[in-house]
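Residue numbers (our numbering): 17 to 77.
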């Protein structure tokens with residue numbers, strides 16, 4: 017009975033280790049990337065400029 021429990025724990029541990037080693041878990045999708053579609057429209061370019069000016073924080077003349 018004890019060896020059955022040990023085998024079950026071993027199989028469970030191996031399954032958790034194999035499941036935790038996926039590369040997709042470590043890959044974070046980019047959030048600030050520009051595409052050509054954004055820059056092809058007036059609204060996209062305005063959004064880009066607003067984002068750039070917001071980084072300044074309202075400092076300056």
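Where a beta carbon is used, it is the ideal one built from N, C-alpha and C, also for glycine.
Everything numeric in this text was worked out from a predicted model, so none of it was measured.
Give the straight-line distance between the Cα atoms of residue 48 and residue 54, rounded to the nearest whole angstrom. Walking along the chain shown from the start, residue 48 turns up at place 32. Walking along the chain shown from the start, residue 54 turns up at place 38. About 12 Å.
For the alpha helix (DSSP H) holding residue 57, just list the boundary residues, first then last. Along the chain shown, one-based indexing puts residue 57 at 41. Careful: residue 57 lies outside any alpha helix (DSSP H) and carries neither H nor E.
Range covered by the alpha helix (DSSP H) that runs through residue 35: To locate residue 35, count along the chain shown from 1; it is residue 19. 18-36 is the span of the alpha helix (DSSP H), which, as asked, contains residue 35.
In three-state DSSP terms, what is residue 67? In the chain shown, residue 67 corresponds to position 51, counting from 1. Note: residue 67 maps to helix in three-state DSSP.
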